[in-house]
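Numbering (my numbering), first residue to last: -2 to 639.
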């Protein structure tokens, strides 16, 4: 048993945190039983303390409360149990509200004035954004798998618009979530006025996004500069997450005490990962014990970087990120599909016509934490791309960092193109495993801050950063670089299938620079890692389907979930959510994403409520609709179109 563990905890629900305007945030407090003041932790989400995030992941709050912390789960303004009108997604107003909540917590009699913050996904985003506001009593944060600039980090990588994950899966689901009533309702009826205000003013998160394809003021106002964060920050990310690039990048830009963990994880808590799960709560507690309690537990003396090297079955410490001893290895695209250490002497070229259905083997960019969608064998996509493959490696090669491709290309037909570069590991049996990818919209070739026309007949030198990774290519395997113009359903296809011509050799030597990391000359002691306790059974039933119509040349990718769980206040909730992205090889302009969500809740006071939403999003516009019933009677209907 942990020396700080106590026997009993107290749970206080629906605390009201007043804000400087008329709104208030609703919070649940988990704290040690009895009197006394304790360091406090806050998690801040749009995902509802009284049902979704509160019901499905209560264990961390009980863990910290049993070990001498007061832990609060707080709803965003206008969502869950909180009053007011919700901010647009990622708005700075969320961070300002969170900073006010930190200061309110510090003033409470059960708090000793030291407050920390942590969270996963949007909770990680809110931790970073609140910390950048520098509330005086915030002492340390632990953001897991978050973002500081959602344009770059997820929605428009390289200026390329994402498709299924952001718009179809998360966007359509959040419309239903944001229209739900407070489910832990008071008998005096306050909940109903809070809900009415929500219904009168709610707008879909995704509605403004297509109007801002460049990184303009709209997106810049939502971004956070990590250099503004002054409190100690422990970054936790995953190489197979939707944010694998941003988490190590944030670490590198921080000017405060810092720590970085990068595992082979998808978008989920490290303890719940199917591969290499770790006891993240233990390490988070060590971090907070040091910075909130002043304990000298050694965490500040450890090497600041811990990474998992995929395919090497290796966890290792490093002193910094990027790793100082990194050596750049250039591999040049060559004729007849070769990839070598020297460019061809003479300039050569190869033409390629885009196939908009390409990309399904790369897996899902899943913001929903479904635990499915890892990359498949890439061979089918490689065959539909222009692929360049090396000779078998004489020695194993560790690639750790952010590769970068420089591609010389002419857009022969079409007014724009998404240039997609994938780096793969090909084993002796021929299986092609995705290491990492990079994307660039040709119209954003000089800057994502503005779109520039693509000139017919012009050859462009395109710089395409690939996302950070750590991966060992084994001796005898080959390295493959593939270039294409599609990554569906990760990206929206362009309106037409562009024809491009790639150049290599001579003065137009297309190349990829690999960050190769040799072994430590004086290796650190192997990290001492704890495995988590077995997770309780989950009611989540994820959905992931890839369906092809070979006659029509169409492909459809479906993702979603079925779920259900009891509510702490009594009653239960059920969720049915599905999102489908479709495209045909002949009609990329007809690509679409549809979403359908039904959330059914039956709880004391509010009765039986169903929130049903649908969405249809295409290159030509979007239509979203909502219908809400209470005890079978329709109480709300609305449609949004543009």
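Glycine residues also receive a C-beta, built at the ideal position from the N, C-alpha and C atoms.
Spatially closest choice to residue i from the options, by CA coordinates
i: residue 24; options: 32, 30, 8, 33; result: 8
i: residue 47; options: 180, 560, 355, 106; result: 180
i: residue 387; options: 477, 192, 533, 577; result: 477
i: residue 302; options: 308, 318, 291; result: 318
i: residue 431; options: 417, 100, 437; result: 417
i: residue 146; options: 13, 223, 335, 637; result: 223
i: residue 171; options: 85, 92, 90, 131; result: 85
i: residue 129; options: 204, 190, 151, 247; result: 247
i: residue 517; options: 228, 313, 195, 438; result: 313
i: residue 16; options: 29, 62, 80; result: 80
i: residue 640; options: 164, 120, 241; result: Because the chain in this structure spans residues -2 to 639, residue 640 falls outside the shown range and cannot be described.
i: residue 190; options: 200, 202, 201, 177; result: 177
i: residue 532; options: 252, 270, 446; result: 270
i: residue 523; options: 227, 310, 268; result: 310
i: residue 346; options: 429, 479, 505; result: 505
i: residue 134; options: 217, 108, 490, 527; result: 108
i: residue 641; options: 280, 279, 282, 237; result: Since the displayed the chain opens at -2 and closes at 639, residue 641 lies outside it and no answer follows.
i: residue 562; options: 266, 536, 574, 39; result: 536
i: residue 334; options: 448, 156, 385, 457; result: 385
i: residue 461; options: 507, 18, 203, 635; result: 507
i: residue 184; options: 520, 577, 11, 422; result: 11
i: residue 253; options: 344, 228, 469; result: 228
i: residue 442; options: 421, 226, 212, 283; result: 212
i: residue 383; options: 490, 371, 497; result: 497
i: residue 226; options: 204, 251, 471, 70; result: 251
i: residue 75; options: 20, 114, 315; result: 20
i: residue 509; options: 121, 552, 480, 175; result: 480
i: residue 210; options: 564, 457, 448; result: 448
i: residue 439; options: 158, 98, 69; result: 158
Check whether residue i and residue j have beta carbons under 9 Å apart
i: residue 259; j: residue 34; result: no
i: residue 77; j: residue 44; result: yes
i: residue 357; j: residue 154; result: no
i: residue 413; j: residue 451; result: yes
i: residue 473; j: residue 340; result: no
i: residue 112; j: residue 37; result: yes
i: residue 572; j: residue 596; result: yes
i: residue 62; j: residue 29; result: yes
i: residue 593; j: residue 620; result: no
i: residue 394; j: residue 488; result: no
i: residue 125; j: residue 221; result: yes
i: residue 379; j: residue 429; result: yes
i: residue 539; j: residue 367; result: yes
i: residue 589; j: residue 580; result: yes
i: residue 399; j: residue 463; result: yes
i: residue 614; j: residue 31; result: no
i: residue 257; j: residue 137; result: no
i: residue 174; j: residue 102; result: no
i: residue 469; j: residue 396; result: yes
Bridge-paired residues (DSSP) for residue i
i: residue 115; result: 139
i: residue 610; result: 594, 623
i: residue 647; result: Because the chain spans -2 through 639 in this model, residue 647 falls outside it and cannot be assessed.
i: residue 336; result: 330
i: residue 599; result: 569, 605
i: residue 307; result: 468
i: residue 421; result: 431, 477
i: residue 462; result: 401
i: residue 37; result: 67, 112
i: residue 385; result: 478
Nearest-angstrom beta carbon gap, residue j and residue i [assumed within contact, 8 Å]
i: residue 116; j: residue 231; result: Going by Cβ atoms, the distance from residue 116 to residue 231 rounds to 12 Å, so no, they are not a contact pair.
i: residue 678; j: residue 65; result: One cannot answer for residue 678 here, as it falls past the ends of the chain, which runs -2 to 639.
i: residue 633; j: residue 622; result: Contact flag wrong, Cβ pair sits at about 11 Å.
i: residue 359; j: residue 434; result: 7 Å
i: residue 72; j: residue 22; result: 6 Å
i: residue 82; j: residue 194; result: 7 Å
i: residue 142; j: residue 233; result: 7 Å
i: residue 566; j: residue 600; result: 6 Å
i: residue 239; j: residue 364; result: 6 Å
i: residue 495; j: residue 408; result: 6 Å
i: residue 276; j: residue 529; result: 4 Å
Near the ligand MN: residue i beta-carbon under 8 Å from a heavy atom
i: residue 248; result: No copy of the ligand MN occurs in the structure displayed, which carries no ligand at all.
Residue-chain proximity (residue i, chain D), Cβ-Cβ < 9 Å
i: residue 358; result: Of the chains in the structure shown, none is chain D; there is only one protein chain.
*Does the region 397 to 406 come close enough to the region 494 to 507 that 3 or more CB-CB pairs lie under 8 Å?*
yes
*Check whether the region 297 to 311 touches the region 551 to 559, counting contact only when three or more Cβ pairs, one atom from each stretch, lie closer than 8 Å.*
no
*Take every Cβ of the region 353 to 370, pair it with every Cβ of the region 582 to 593, and state whether three or more of those distances are shorter than 8 Å.*
yes
*asked:* Taking contact to mean 3 or more Cβ pairs, one atom from each stretch, closer than 8 Å, check whether the region 49 to 64 and the region 93 to 110 are in contact.
replied: no
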